[in-house]
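Colleague:
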Amino acid sequence: MAQRIALAVYIACFAIGTITHVRDFWVLGLRPYEGAPILLEAFWSSLVVLDPAAAALLLSGKRRAGLSLAAIIMVCDVAANSYAFFVLGIEGFAVALPLQAAFLGFVLGSIGFLWPDSATHLPRAEP
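The sequence shown begins at 105 in the working numbering and counts up by one.
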């Protein structure tokens, strides 16, 4: 039951991310992050595909792939948004960044608990 709740948190958070990025494209057009440096623009734009991919992998039972993608997305997202906030001074991340950092902590803290057993057990050495 606890694993289902944790996976539901992952899926809900990536659904929120998907909605946020789809809204940005809907409202701001094909290049919603045009004013940002090109690598940040490319990364943020890619989240419109990556966020739902992580949720879909988790929903479809491909847990290892979904958890791996979730961790990669969140490490990169918090790093990119921290750079945008602290270095570039983009104040729009003042609320989102702490929430994303908290979710990153949740992902990193729960991934071992959620990872399927068959991949975590090493074969025993014969005496």
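The beta carbon of each residue, even a glycine, is placed where N, CA and C say it ideally should be.
Please specify which runs of the alpha helix (DSSP H), each continuous and at least 4 residues long, are wholly inside the segment 129-217, giving them in chain order.
Modeller: 142-163 and 167-186, all fully within the segment 129-217.
Colleague: Given a threshold of 16 other Cβ atoms within 10 Å of its Cβ, counted over all protein chains shown, does T224 qualify as buried or as exposed?
Modeller: In this prediction, T224 scores a pLDDT of 48, lower than 50, which makes its location untrustworthy; the coordinate-derived value is nonetheless stated afterwards. The residue in question, T224, is exposed, as its Cβ has fewer than 16 Cβ neighbours within 10 Å.
Colleague: Less than 7 Å between C-beta atoms, sequence neighbours within five positions excluded: which residues of the same chain meet that for L162?
Modeller: L111, Y114, I115 and G170
Colleague: For A175 versus V211, is the C-beta distance shorter than 8 Å?
Modeller: yes
Colleague: Is F189 near A159, with beta carbons less than 8 Å apart?
Modeller: no
Colleague: Give a yes or no on whether the C-beta atoms belonging to L151 and G121 are separated by under 8 Å.
Modeller: yes
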